[in-house]
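Read through the structure below, which is laid out as structure tokens, and then see the notes.
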Amino acid sequence: MNVLPEVGQVRSMVVCAEVTRTQIVQYAGASGDFSPLHTDEPAARAAGNASIMAHGMMTMALSSRVVTSWFGIESLRTFGVRFTAPVWPGDRLTTTATIAAVDIHGSCARVQITLKTTNDDGRLVLHGDAAVAIDFGSKQK
Amino acid sequence: MAFARAVGEPMPSPERVVPPTFTATSIQHDPEHMRGMCPTGALAVAPVGGGELLHAEQHFEYLLPVHLGDVLDVTEEYGRRWTKNSKRGGELLFTELVKELRNQHGAVVVRSRMVLVETPPTSASVDERPA
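This is the structure:
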């Protein structure tokens, strides 16, 4: 993927059609994070939550796919997010990536991307940014 | 493979760079983690004030690609700590955990910064809770 994006260009993707308890437990097993907030419904309720919630890192992993499917994993230089609201079972997650800046140095471009992930109520659950490096070299001319 | 299944990534292969957040699962390689149901590392940090410990932020810097078969060595240290007043009263305590991952050639491949937040007991609403 060596085509340079334009500032303001947007890509949006449903990164998870429906978060399920099974997927949260699956992520717990994959990540090693078995916190009761993610794996033990009675404990999560006792702590004042409606149910177990997804791991922030699961939402981050899902959200990353917008950037990696656009530019490739190997192009990624930085990726940082804030988790702004819990993700619950039943949530459908949509991530929107917007090109914030394209800085060209010789045959390389550094592209800054802002990311937002929302649930179906339009509530922001994650926001952040990523930077990718694109070497457009010989393919540009 | 379990990670790929959980987050919908393609199955890992030696040619493919690992997914961007995969290295955050390095705790899986600690033989003591979850032995007797006891977590280690950042997951072992218990809130001291009776609130919840939540993940507020996560940042990665990628210096070199990581492939299947690489052997990574992780060093971690606590960074800054700061407090902020919660909208619902009480104090939010933020703690930073900084990690550096080196590959089998000694080169730094990933740096990461995790921000954990401890909420005051029962005062924070779901509305302001991160994941």
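Top to bottom, those sequences are chains W and D.
Going by this note's numbering, the letters in the first sequence line up with residues 11 to 151, in that order.
Going by this note's numbering, the letters in the second sequence line up with residues 3 to 133, in that order.
C-beta: ideal position from N, C-alpha, C; glycine also.
Being a predicted model, the structure only gives us computed values, none of them experimental.
Item, Value
"From what residue to what residue does the alpha helix (DSSP H) around W/G39 run?", "R31 to S41"
"Let me know the secondary structure DSSP gives D/F24 once reduced to three states.", "helix"
"How about D/H57 and D/M116: do their beta carbons lie closer than 8 angstroms?", "yes"
"Are the C-beta atoms of W/F81 and some chain D residue less than 8 angstroms apart?", "no"
"With H, G and I counted as helix, E and B as strand and the rest as coil, what does DSSP make of D/L45?", "helix"
"Along chain D, which residues have their Cβ under 8 angstroms away from the Cβ of W/T78?", "P21 and P22"
"Would the region 92 to 110 of chain W and the region 126 to 146 of chain W be scored as touching if the rule is three or more Cβ pairs under 8 angstroms?", "yes"
"For W/V91, which residues in chain D fall below 9 angstroms Cβ to Cβ?", "E59, Q60 and H61"
"Based on Cα-Cα distance, which residue from D/V112, D/T23, D/V47 and D/V68 lies nearest to D/F96?", "D/V47"
"What in chain W is Cβ-close to D/L118, meaning under 7 angstroms?", "Here the premise fails: no neighbours, minimum Cβ distance about 10 angstroms."
"The alpha helix (DSSP H) with W/V24 in it runs from where to where?", "Looking at the DSSP string, W/V24 is not in any alpha helix (DSSP H); the run it does join, the beta strand (DSSP E), is V20 to C26."
"What does a CB cutoff of less than 6 angstroms around W/Q150 pick up in its chain, not counting 5 residues either side in sequence?", "Model confidence at W/Q150 stands at a pLDDT of 44, short of 50, so the residue's coordinates are unreliable and nothing is read from them."
"Name the chain D residues whose beta carbon is nearer than 7 angstroms to that of W/R55?", "What W/R55 touches in chain D: nothing, since even the nearest Cβ is about 12 angstroms away."
"Would W/E84 count as contacting chain D if we go by Cβ distances under 8 angstroms?", "yes"
"Do W/L72 and W/C26 have their C-beta atoms within less than 8 angstroms of each other?", "yes"
"Can you name the residues of chain W whose CB is closer than 7 angstroms to the CB of D/L45?", "D43 and S45"
"Starting from D/S114, follow the beta strand (DSSP E) in both directions and report where the run begins and ends.", "V110 to E120"
"Are the Cβ atoms of W/A143 and W/F89 separated by less than 8 angstroms?", "no"
"Quick one: which residues of the region 95 to 125 of chain W get their C-beta closer than 8 angstroms to a C-beta of chain D? List them in chain order.", "A95, P96 and V97"
"Considering only residues of the same chain and omitting the five flanking positions on each side of D/P16, which have a CB-CB separation below 8 angstroms?", "H69, L70 and G71"
"On the DSSP bridge assignment, give the partners of W/N90 in chain order.", "The amino acid occupying residue 90 of chain W in the given sequence is Gly; Asn does not appear at that position. DSSP, once it has assigned bridges, lists W/D139 and D/H61 as partnering W/G90."
"Excluding the 5 residues flanking D/E11 on each side, which residues of the same chain have their C-beta closer than 8 angstroms to its C-beta?", "F5 and P21"
"When the distance is taken between beta carbons, is W/R92 closer than 8 angstroms to W/H137?", "yes"
"Does the beta carbon of D/F96 come closer than 8 angstroms to any beta carbon on chain W?", "no"
"Specify, as a first and last residue, the run of the beta strand (DSSP E) that D/R90 falls within.", "That residue, D/R90, is in no beta strand (DSSP E); it is neither H nor E in DSSP."
"Within a Cβ cutoff of 7 angstroms, which residues of the same chain sit near D/E79, ignoring the five residues on either side of it in sequence?", "V100"
"Of all Cβ atoms in chain D, is any one closer than 8 angstroms to the Cβ of W/M23?", "no"
"Check this for me: beta carbons of D/E34 and D/T25, under 8 angstroms apart or not?", "no"
"Considering just the uninterrupted stretch of the alpha helix (DSSP H) at W/V77, what are its terminal residues?", "G66 to F81"
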